[in-house]
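In this text, residue positions in the sequence shown follow our numbering: the first is 670, and each later residue adds one. Just so it is clear, CB atoms sit at the ideal spot from N, CA and C, and this is done for glycine as well. Model, not experiment: these values are computed from the prediction.
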Amino acid sequence: MKTHPFLSALATAARSLAKGLGTPLVLGLLTLPSSTSAEQMSDIVQIEVLDGGATRRGTHMGALRLTLSEGWKTYWRAPGDAGIPPRFSWRGSRNVGAVEIRWPTPEVFLTSGFRTIGYHDQLVLPIEITPAKPGQPLRLKGRMELGICKDVCIPSELRFDRPLKPNSRRNPAIVAALADRPWSAKEAGVQAATCAITPSRYGMELVARITMPSAGGDEIVVVEPGPPTLVTTETTTTRQGRHLTAKTEIISAEGGPFAVDRSQMRFTVLGRNHAVDIQGCTRH
C-alpha cells in the first residue's frame, strides 16, 4: 500500500509514537524549543489532583486539574488535524482497580490552517475510580503525557500524587466538569448513525450519515476509528435538514492493510449549543 501524503510528515515519528504515546501526531505544528527546564514548564502548566469523594455507585470521583498560562492550550483525546493526544500512566497508585476518564466538551481551534481540538486556560478532567478494596483509602499517582501549544508545541510529562479519602465531600469543580460532558445519542435525539466504508487508494473512505437535530451553528463531526494505530484525514461535515454527513479517509499509521469495526467507531458532534457522543454505526 502506498503512503498517503498526510503521513509523509510523520512516517517515522508515528511508528515510535505508536509504541510510546499510543497515537501519531502531525509534525507540521510541532516546533520544539532547544530545551525546556522543569521550572520553565511550571510557568506554563501546573497539575493537581482534586478529590471528589465516594459516589453512590461505590466508585470514587477524582480529577486532574491543569492550569495553563495565558495563550497556551492542550489537546482533547482526539486532537484534530494536528496535535498530541494525552496519555496516562497510573503506576504507583494504590487501591485503584479501574479508571474511567470523563472528558468535558472540548473547543475547536484554528492554528496555522489546521483544525485542532482541546482546551485553554484550565481543564478539569474528572476521573471515576473503582477501588480494588471498597471503603479503603486510595492514592492516585502517576503521570500525564500531553502536548501544550502556543507559538510552539511542547511534548510534556506532568507527574501527580495525592491520597483520596472515602469521606471527602463533592468537589464543585468536578461537578461542573461532569455537567459539561457531551450529550448521549439518546439525549440528543439521534435517530440513526450509518457508515459506508469503501477501499481507497491509501486506506478506507468513510461516509457517515447521522440523523439528529442540529447541535447549533456550524457543526463538526470528529471521527475516532477505534484502534490507536488508525487515524483519519481532515473530515468535512455538511448538514441537509435532519441529516448530518461526515466524510473522511481512515489510514493506518503503521501502513499495510487493516480492518474497521463499525461497532468500535466513535463520533462526536461539536456544535454551538452542545456536543453529542455517538458510539458505533451500522451499514448504510
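*If you draw a straight line from the C-alpha of A862 to the C-alpha of D820, how long is it?*
38 Å
*Assign S762 to one of two classes, buried (16 or more other C-beta atoms within 10 Å of its C-beta) or exposed (fewer than that).*
buried
*asked:* So L913 and V890 are supposed to be a Cβ contact under 8 Å. How far apart are they, rounded?
replied: 7 Å
_At 4 residues or longer, what runs of the alpha helix (DSSP H) sit wholly inside the region 848-930?_
854-857
*In chain order, what residues of the same chain lie with their CB nearer than 8 Å to the CB of R908, ignoring the 5 residues before and after it?*
S883, E888, T914
*Do you know how far the Cα of N840 is from the Cα of T906?*
37 Å
*From the DSSP output, which residues share a beta bridge with T774?*
DSSP, once it has assigned bridges, lists no residue as partnering T774.
*Sequence-distant residues of the same chain with beta carbon closer than 8 Å to I786, five excluded per side*: Y744, W745, A747, P748, G749, G752, P775, E776, V777, F778, V891, L939
*Candidates E739, Q860, P926, D946, of which the one nearest D849 by Cα*: D946
*Which residue's Cα is closest to the Cα of P795: D720, R771, R878?*
R771
*Tell me whether the beta-carbon of R760 lies closer than 7 Å to the beta-carbon of G811.*
yes
*Can you give, in chain order, each stretch of the beta strand (DSSP E) that sits fully within the region 715-782 and has at least 3 residues?*
729-737, 742-749, 756-758, 765-770, 776-780
*Please classify A845: is it buried, with 16 or more other beta-carbons within 10 angstroms of its beta-carbon, or exposed?*
exposed
*By how many angstroms is the C-alpha of Y788 removed from the C-alpha of G886?*
19 Å
*Once you ignore the five residues that flank G804 on each side, which residues in its own chain have a CB closer than 8 Å to its CB?*
P835
_By the three-class DSSP mapping on this structure, what secondary structure does Q709 have?_
helix
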